[in-house]
Structures are given as C-alpha cells and as structure tokens.
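Chains as they are written, first to last, in this note's numbering: chain V, 38 to 172; chain X, 38 to 172. Don't be surprised by glycine CBs; every beta carbon is placed ideally from N, CA and C. Some notes on the structure that comes next.
2 protein chains.
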Amino acid sequence: MNSIEEKCKNKGVRLTDQRKVIAMVMSDSKDHPDVDELHKRVSEVDKKISIATVYRTVKLFEEAGILEKHDFKGGKARYEQSPDEHHDHLIDINSGDIIEFVDKDIEKLQNEVAKKLGYKLVDHKEELYGSKIKK
Amino acid sequence: MNSIEEKCKNKGVRLTDQRKVIAMVMSDSKDHPDVDELHKRVSEVDKKISIATVYRTVKLFEEAGILEKHDFKGGKARYEQSPDEHHDHLIDINSGDIIEFVDKDIEKLQNEVAKKLGYKLVDHKEELYGSKIKK
DNA sequence: ATAATTGCAAATGCTTTGCTTGTGA
DNA sequence: TCACAAGCAAAGCATTTGCAATTAT
Numbered sequence: 038m039n040s041i042e043e044k045c046k047n048k049g050v051r052l053t054d055q056r057k058v059i060a061m062v063m064s065d066s067k068d069h070p071d072v073d074e075l076h077k078r079v080s081e082v083d084k085k086i087s088i089a090t091v092y093r094t095v096k097l098f099e100e101a102g103i104l105e106k107h108d109f110k111g112g113k114a115r116y117e118q119s120p121d122e123h124h125d126h127l128i129d130i131n132s133g134d135i136i137e138f139v140d141k142d143i144e145k146l147q148n149e150v151a152k153k154l155g156y157k158l159v160d161h162k163e164e165l166y167g168s169k170i171k172k
Numbered sequence: 038m039n040s041i042e043e044k045c046k047n048k049g050v051r052l053t054d055q056r057k058v059i060a061m062v063m064s065d066s067k068d069h070p071d072v073d074e075l076h077k078r079v080s081e082v083d084k085k086i087s088i089a090t091v092y093r094t095v096k097l098f099e100e101a102g103i104l105e106k107h108d109f110k111g112g113k114a115r116y117e118q119s120p121d122e123h124h125d126h127l128i129d130i131n132s133g134d135i136i137e138f139v140d141k142d143i144e145k146l147q148n149e150v151a152k153k154l155g156y157k158l159v160d161h162k163e164e165l166y167g168s169k170i171k172k
C-alpha cells in the first residue's frame, strides 16, 4: 500500500478503486503533474476513470492535506504529494523543470516581515523563475 | 497627463480614448483591482468601453512593462501600476486587504538560492498570506 | 490612407456540477 | 443497505478571439 492510501485510511477517506489508482500514480510521481497529465497516467492503469473523478479526487486529497496544489504560471493547477518538510520551488523558464529547495533563512525572514506588519503568517507562496547558467 | 499615458508615449503605444481612460483609472488606483473591478471603474467614465478592450489593454500594458499582473489566490488576475521599486505582497486572508512590503534581505537570499542551484533569477513571486494579530 | 483598435458575441480552456447509475463499508 | 462516489455531459468562469465597423496617426 502506498503512502497516500495510508493517509486516506488515517483520515477516514473512503477508498474506491479509482482513488487507489490516483493515489498510486501520485505516490509514484516525482514531478508536479497537472490534472491532464495525471489523468493520462491514471488512464494507463484504468482507462475508464474519468477526468471529472480525477478533478474531484485531487481536490478531496488536497482538502485532506494529502496533496499540495500549486498555481505556477501556465494556468493549470499542478499537484504533488504533501511533503514532510515544507519546500519552495524554482521553475526553469526554458524547460519548465521544477526544482525544489528549502531555505530556512528565507522562511524566518518571511515570518518576521509578517509579524512586523501585524500579521500571523498562515501560508505563503514563493516561486523563483530562472534560467540555467551555462558554464 | 497621468504617468501611464506618459509611459505609453515613451514606448510608442498608440493612445486611444479607451486606453486613456484605462490609464487614468489605473493611475488613480491605489489598490490591486481585477479586470471586472477595473471595468466597473472605467465604465463610470465611459460606459461604452467593453470588457474585451479592458482585457486587451491590460495585457498590452503588461507586455509593455507598464502594469504588473498578479495571480493571487482567488482565480482572477489583479493589476497594479509597475512600481519603481520592486515589492512583494502580504494578503490578509480575512479581509482580502493587500499590504505591500519590501525586504532586501529576502531578495538577496532568493538570488543566492537560485545561483546555488545553477540558475539566474529572472523573476519571482512571493506572497504571504496572514491574519491580523489582534492586540 | 490604412494599419491598428474596438465592440460584440462566440469560442476557449480549465474546472465544477447535476443527475443517474454504481459501489464501498 | 444506503450514503457516498463515478461517469457523462452540460454548465461555469475568467479570458481570448474572429469579424465587421471605427479610429488614430
């Protein structure tokens, strides 16, 4: 059983065949697929799963804290499994590749900025867009 | 003449009546209106200006570097006049208020992170979402 | 004069939803 | 059993676009 299925069990999310397939595909994905791409991968396992179900499941999983949704540039939402440790993303503007990174110092500064403005930070979005330095 | 009109002149962007109105409204706006809201404000000056024109103009101005587009949570793009000095945003998750802030330290760290990953930073998006601390 | 711009409505692309049938616990 | 989920197609929403009429330079 994959880790997403396990999380579903823990959270009392009913496990249907379709959800199991989607859970498995997302568990196996090391990238950040959009719904179309996810549906494509899911269809290779069971071509009867509709895209509506993928949309519904992905939203369900997100609300359960199992998946994380990202609205990178491009207009299509992309998903990844909720990581144990928070990370941000650098997007290669040429290839579309996404690199994950962690920077505690930035996180700390963001908290300080929010506090200084009289706010408690509840969420944040940080995306870097860059082009590869050739050497 | 407002500052956006001036920028249009400098960049050789043809100035129509509609664009002048949109330029004026955006110059007067101190917030981050979405296209609907902008169209509403523009309509108070000239109710014959269509929303299609607002969409086209806002995109044109953005491509000319005159306006900045933001995709905050909520699904609708929001615009502000391109500032002289770059700033980021903190969004009040309860009221929707947007607070602008500048943090050179964070900017510097972002550049370093990108460089460390082998990238040249060309753009970045940083949004903090928070709730007001009551005292 | 004429290439660019507008308004309108239709089209688009992503995402959601109503409804009927199917199914997990 | 039966509340919930899936599949399908239709609807929704923000945004874009084709086209004929209008306008800035």
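Residues of chain V with a Cβ closer than 7 angstroms to the Cβ of X:G155 are, in chain order, K169, I170. Proximity of X:V159 to chain V, defined by a Cβ-Cβ separation below 9 angstroms, is satisfied. With a threshold of 9 angstroms between beta carbons, V:K110 makes contact with chain X. Each of X:I103, X:I143, X:L154, X:V159 was checked against the Cα of X:D121, and the nearest Cα belongs to X:I103. Closest in alpha carbon position to X:R56, among X:S87, X:D125, X:V159, X:L158, is X:S87. The beta carbons of X:L75 and X:V95 sit closer together than 9 angstroms. For the region 121-143 of chain X, the set of positions with a beta-carbon nearer than 8 angstroms to some beta-carbon of chain V reads L127, D129, I130, I136, F138, D140, D142, I143 in chain order.
With fewer than 16 other Cβ atoms from the protein chains shown falling within 10 Å of its own Cβ, V:D160 counts as exposed.
By the criterion of a C-beta distance shorter than 8 angstroms, X:K141 is surrounded by no residue of its chain, once the five residues flanking it on both sides are discounted. Neighbours of X:E42 across chain V, judged by C-beta separation under 7 angstroms, do not exist; the nearest C-beta is about 29 angstroms away. For X:Y92, the nearest beta carbon of chain V is not closer than 9 angstroms to its own beta carbon.
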